[in-house]
Structures are given as structure tokens and as C-alpha cells.
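Q: Following this message is one structure expressed as C-alpha cells.
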Amino acid sequence: MRGFFLFFILRAKNRQGLLNLVFLGLILSSMSLVILQGVMGGLQSNLKKRSQKIVGDYVAYVSLKGSEEVASISGFLKQKNIQFRIENEHEGLARFGARITPIVIHGVFESDGIIDVGQGPLFPYEVLANLEASPGQSIEFFSPSYTDSFFSDLPRSFSIPVANVVSTRVPEIDASHVWLSASSVNNFMREVKANRIRIYSNLDKSELLGIFQTAIPDFSHRHLKTWDQLHSSLVWALRLEKIMMIFLFLGMCFLVCLSISSAVLVFIKKVNKDLTALWVLGASKSSIYALSRNSLFKICFFSIAVGVVIGAILLICLDRFGGNIMPDIFVERKIPVSFNYMMFVISLLIPSFLSFIFIQLGLNEFKNESDYLKNVRSIGQV
595 MRGFFLFFIL
605 RAKNRQGLLN
615 LVFLGLILSS
625 MSLVILQGVM
635 GGLQSNLKKR
645 SQKIVGDYVA
655 YVSLKGSEEV
665 ASISGFLKQK
675 NIQFRIENEH
685 EGLARFGARI
695 TPIVIHGVFE
705 SDGIIDVGQG
715 PLFPYEVLAN
725 LEASPGQSIE
735 FFSPSYTDSF
745 FSDLPRSFSI
755 PVANVVSTRV
765 PEIDASHVWL
775 SASSVNNFMR
785 EVKANRIRIY
795 SNLDKSELLG
805 IFQTAIPDFS
815 HRHLKTWDQL
825 HSSLVWALRL
835 EKIMMIFLFL
845 GMCFLVCLSI
855 SSAVLVFIKK
865 VNKDLTALWV
875 LGASKSSIYA
885 LSRNSLFKIC
895 FFSIAVGVVI
905 GAILLICLDR
915 FGGNIMPDIF
925 VERKIPVSFN
935 YMMFVISLLI
945 PSFLSFIFIQ
955 LGLNEFKNES
965 DYLKNVRSIG
975 QV
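Count along the sequence shown from 1, then add 594; that gives the number in our numbering.
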């Protein structure tokens, strides 16, 4: 009895083609859902990683004054084997000729493998494009926060040579950030201070907070921000983008599952005499109904699982053998792929849930209309 439906669907000469198209649609829907989540997750994950590489996993807002205090905190964090960068960050205006643009300067105390200001300041391409400046020239940075009052209150300024041009491939950073040695910024401010410590670590926030509280007594959780907290709007936008894309593909899956009800009705009516024969042989109506429901649901679930497996295989092939297929103008030359268990759970369970609902609706309609005794009496009648 368990192979009855599978025989009619796949092997019988009068098998129901409409139902086979439904199963093919379920395969394509689940496969597309897996590929969508894998590629979208890869794009968003790479964007976050590029930003974290510059901004840091955590940013500690501190107020360190004097070279001794900065050196003390630096030595303490090195003892804890924490990768960090201490900065004196300040906002102001950059001017070159007649062009002015707002920028954020980062006075770096110690260069690292990510930001190296040993050979001079680092300027993103976009900042230079906004100022129409080029390497070898100098821009003027001035800030209303610091003034000189020899003749009148004028914003203090200093010249920054354009030594190195870089690209972080993060638009919001390339648009307005410049890195230079902390000594230049301290000379501009006429004091040695640091107000940011960028942490590159996967430590838990509570553990990292305890480390900072050991070194800085008045340090609290308000002074330590995660990347997600610093970019809450971007995180929300990325989450909304992913949800909307999944919702659109679920709509496609819903349309496929909507046709299940009619396909099930047509197929069950086609094998109505065979079901009547099962009833004559002693099977109860409830067992025939349960057999029909379970068999169809298992076939649907198998189709969805096949789609998930095919989608996973395509993602693996895209990740390993995709190559640089995108043009040079794009940040991502290779289509990125990200794997996580939730994408497989969503792609497997949601289409299965929808298909089960519409199979149930189709069979309930047939159950209300079926009369096996009437079918037996009608056999042989002209």
C-alpha cells in the first residue's frame, strides 16, 4: 500500500503530470531559497568583515591623557594578547583650493598590519576625489573645536601631505576618513590624548568589559560598543533586505503549493477506483485517507529535500569554482557564499509546512465528496 501512490505518480502510464510539475516546482523553490540565502549571506558577511577590519569588532571610548597613560594601557592590552589600535579621533573640515569636505582624522599611536602610517598619512580615493587633490600635494585640515586667538578666534589648522592612497572597499569609510600619525594630531591639539581603542577580538563583550574595568576603574558598559551597535542602521537594513528577499521567494513557493490542492484533487479522482478497491479489500476510510496524506506529504518533503541538496551543491561549486566572474568595477569580483544551518532549516521547513497545509486542504475536499459504496455500485453500469 505504501508504494501505491509512488507507482502511479512515477511509473503508471496514466500518471498525473500536473502533480509531477508541482513536485518539480517544489524542488526549484527550495533550491532557489537556499541559493538566495547563501549568496545574500555571503554578500552581507563580506561587507561586515571589511568594515570590522577597519572599525574593529569593538570600540572602547576612553579619555587617555598623556603619553604615560597611553603607554600603560597599551602594555596592559598586549599582556592580555588582545589585538588593538589606540587612536585620537577628531572631526573637522579638509580644504584643498576652493573645495571643502568634512572628514574624520584618526591619529594612530602604533601602526599595525591593517593601518600603517609609518610612510605617511593614508587617504582614501574618494576623499581625494571630493577634494580634487592628488598624491604629492597637501590638504589643510581645520577644526572649529580648536581656535587661535592671537588676532581673533580663528579655527586652528595644519597641513597634511597626501602620501599614500588606499581603498578599504567600505563606502562610508572611504568617503570621509583619513589616518595619520598620532603625533601630528597631538601637535594640532597641543596635548597628548587618545579617545578610541579599537579591539580586534572575538572575546565576549562581558569578558572584554572586565579587562577594561581592570585597567580603567571608571570604565562602564556604556563606553564599550560592538560593531552592531555602532552600525545599528546598517544591521537593520541588511536584515530587512534579507527578510524581504526571502519573503518574495516564499511567495513563489506559496504559488507552487497553491496548485497542490487542485493537483491532488485531480490525481485522487483519477485513482478513485483503486482507492475503492482498497476499501473493498478491508481498508478503512480513515486508513486510506491517512495513507493518501502521508504518501503525498512524504513525496513533497522528498522533493523539497532534493531541492535543498541541489542548492547546497550549486553553492559549493559556486564558492570553489566560481572564479572572478564580476567586472572590475564591482567590489566583489567573486560571488561570495556563506553557509549556516538556519538557511537549510528555513529552506526545508517552510516549503514543507506550506505543502502539508495544501495537501490537507485538497484531501479534505476529496474526503467530503468521496462515497466508496456509490463507486462500487456504479462499476459495471452503463
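Backbone N, C-alpha and C define an ideal beta-carbon position, used for all residues, glycine too.
None of these values were measured; they are calculated from a predicted model.
Can you grab the Cα-Cα spacing for the pair W567 / I840, in whole Å?
A: Shown here, the chain extends from 595 to 976; a query on residue 567 therefore has no answer.
Q: From which residue to which residue does the beta strand (DSSP E) around N918 run?
A: Translated into positions along the sequence shown, residue 918 becomes position 324. Segment: none, N918 is in no beta strand (DSSP E) and carries neither H nor E.
Q: Verify whether the separation of the beta carbon atoms of E580 and V702 is less than 8 Å.
A: Residue 580 is absent from the structure shown; the chain starts at 595 and stops at 976.
Q: Just verifying my parser: in three-state terms, what is the DSSP assignment at F938?
A: As a first step, residue 938 is located in the sequence shown; it is residue number 344 there, counting from the start. Three-state result, F938: helix.
Q: Work out the CA separation of E801 and G901 for me, nearest whole Å.
A: Indexing the sequence shown from 1 puts residue 901 at position 307. Indexing the sequence shown from 1 puts residue 801 at position 207. Computed Cα separation, rounded: 42 Å.
Q: Our contact map puts I791 next to V656 with C-beta atoms below 8 Å; I'd like the distance itself, whole angstroms only.
A: Looking up residue 791 in the sequence shown gives position 197. Looking up residue 656 in the sequence shown gives position 62. I791 to V656, Cβ: 6 Å. Contact.
Q: On the premise that F736 lies in contact with G669, defined as a C-beta separation below 8 Å, what is that separation, rounded to the nearest angstrom?
A: Numbered from 1 along the sequence shown, position 75 holds the residue referred to as residue 669. Numbered from 1 along the sequence shown, position 142 holds the residue referred to as residue 736. Not confirmed; about 34 Å, so no contact.
Q: Hey, is F895's beta-carbon within less than 8 Å of any beta-carbon in chain B?
A: No chain B appears in this structure, which consists of one protein chain only.
Q: Taking the beta carbon of M936 as the centre, do at least 16 other beta carbons fall within 10 Å, making it buried, or is it exposed?
A: Within the sequence shown, numbered from 1, the residue matching residue 936 stands at position 342. Exposed, because fewer than 16 other Cβ atoms sit within 10 Å of the Cβ of M936.
Q: Taking only the alpha-carbon atoms, compute the straight-line gap between S946 and A884 and give it to the nearest angstrom.
A: Reading the sequence shown from its first residue, position 352 is the one you call residue 946. Reading the sequence shown from its first residue, position 290 is the one you call residue 884. The straight-line gap from Cα to Cα measures roughly 17 Å.
Q: Taking only runs that begin and end inside the region 693 to 744, name each unbroken alpha helix (DSSP H) of 4 or more residues, in chain order.
A: 719 to 725
Q: Compare the C-alpha of K799 against each of R816, L641, P738 and name the closest.
A: By one-based count along the sequence shown, residue 799 stands at place 205. Checking every option, the nearest Cα to that of K799 belongs to R816.
Q: Below 8 Å on the Cβ atoms is my guess for L818 versus L828; work out the distance and round it to an integer in Å.
A: One-based indexing of the sequence shown puts residue 818 at position 224. One-based indexing of the sequence shown puts residue 828 at position 234. The pair is not a contact, with the Cβ atoms about 19 Å apart (cut-off 8 Å).
Q: On a CA-only basis, which of Y794, K892, F938, I893 is nearest I907? Give me that one, please.
A: Here residue 907 is taken as the residue at index 313 of the sequence shown, counted from 1. Out of Y794, K892, F938, I893, F938 has the C-alpha closest to the C-alpha of I907.
Q: Under DSSP, the alpha helix (DSSP H) around N780 begins and ends at which residues?
A: The residue given as residue 780 occupies position 186 in the sequence shown. Its alpha helix (DSSP H) spans residues 776 to 783.
Q: Measuring straight from C-alpha to C-alpha, what distance separates I837 and I910?
A: Position 243 of the sequence shown holds residue 837. Position 316 of the sequence shown holds residue 910. Taking the straight line joining both Cα atoms gives about 23 Å.
Q: Excluding the 5 residues flanking W773 on each side, which residues of the same chain have their C-beta closer than 8 Å to its C-beta?
A: Position 179 of the sequence shown, counted from the start, is the residue given in the question as residue 773. Sequence-distant Cβ neighbours of W773 in its own chain, meaning closer than 8 Å and more than five residues away, are I699, H700, V702, I709, V711, P715, L716.
Q: On the three-state DSSP scale, how would you describe P945?
A: Counting from one through the sequence shown, the residue named residue 945 turns up at place 351. The answer is helix: DSSP assigns P945 an H, G or I state.
Q: Would you tell me roughly how many angstroms separate the C-alpha atoms of L957 and L834, rounded to the nearest one?
A: Taking the first residue of the sequence shown as position 1, residue 957 is located at position 363. Taking the first residue of the sequence shown as position 1, residue 834 is located at position 240. Looking at the two C-alpha atoms, the distance is approximately 37 Å.
Q: Mind checking who W773 pairs with in its DSSP beta bridge?
A: Reading the sequence shown from its first residue, position 179 is the one you call residue 773. Its beta-bridge partners are H700, L716.
Q: Which residue's Cα is closest to the Cα of P765: I953, I648, K672?
A: Working through the sequence shown from its first residue, we reach residue 765 at position 171. Selected option, being the one with the closest Cα: I648.
Q: Could you give the C-beta distance for A788 and L912, rounded to a whole number, given that I count them as a contact under 8 Å?
A: Within the sequence shown, the letter at position 194 stands for residue 788. Within the sequence shown, the letter at position 318 stands for residue 912. A788 to L912, Cβ: 44 Å. No contact.
Q: Contact between the region 747 to 761 and the region 806 to 816: three or more CB pairs below 8 Å?
A: no
Q: To the nearest angstrom, report how far apart K928 and I810 are at their CA atoms.
A: Against the sequence shown, residue 928 aligns to sequence position 334. Against the sequence shown, residue 810 aligns to sequence position 216. Straight-line Cα distance between these residues: approximately 44 Å.
Q: Below 8 Å between beta carbons: does that hold for G635 and N934?
A: Start at 1 with the first residue of the sequence shown, and residue 635 comes out as number 41. Start at 1 with the first residue of the sequence shown, and residue 934 comes out as number 340. Yes, these two residues count as a Cβ contact at 8 Å.
Q: Would you mind reading off the limits of the beta strand (DSSP E) that contains E685?
A: On the sequence shown, residue 685 is found 91 positions in, with the first residue counted as 1. Taken as a continuous stretch (DSSP letters only), the beta strand (DSSP E) holding E685 covers 677 to 690.
Q: Please classify A723 as buried or exposed, where buried requires at least 16 other C-beta atoms within 10 Å of its C-beta.
A: Within the sequence shown, residue 723 is the residue found at index 129, counting from 1. Counting Cβ neighbours within 10 Å, A723 comes out exposed, since fewer than 16 surround it.
Q: Quick check: S732 and V756, are their CB atoms within less than 8 Å of each other?
A: The residue given as residue 732 occupies position 138 in the sequence shown. The residue given as residue 756 occupies position 162 in the sequence shown. Yes, Cβ-Cβ distance for S732 and V756 is below 8 Å.
Q: In terms of residue numbering, what span does the alpha helix (DSSP H) encompassing I810 cover?
A: Position 216 of the sequence shown, counting from 1, holds the residue named residue 810. That residue, I810, is in no alpha helix (DSSP H); it is neither H nor E in DSSP.
Q: Among residues of its own chain, excluding the 5 on either side of H684, which ones have a beta-carbon nearer than 6 Å to its beta-carbon?
A: Translated into positions along the sequence shown, residue 684 becomes position 90. Counting only Cβ-Cβ distances below 6 Å, and skipping sequence neighbours, we find I699.
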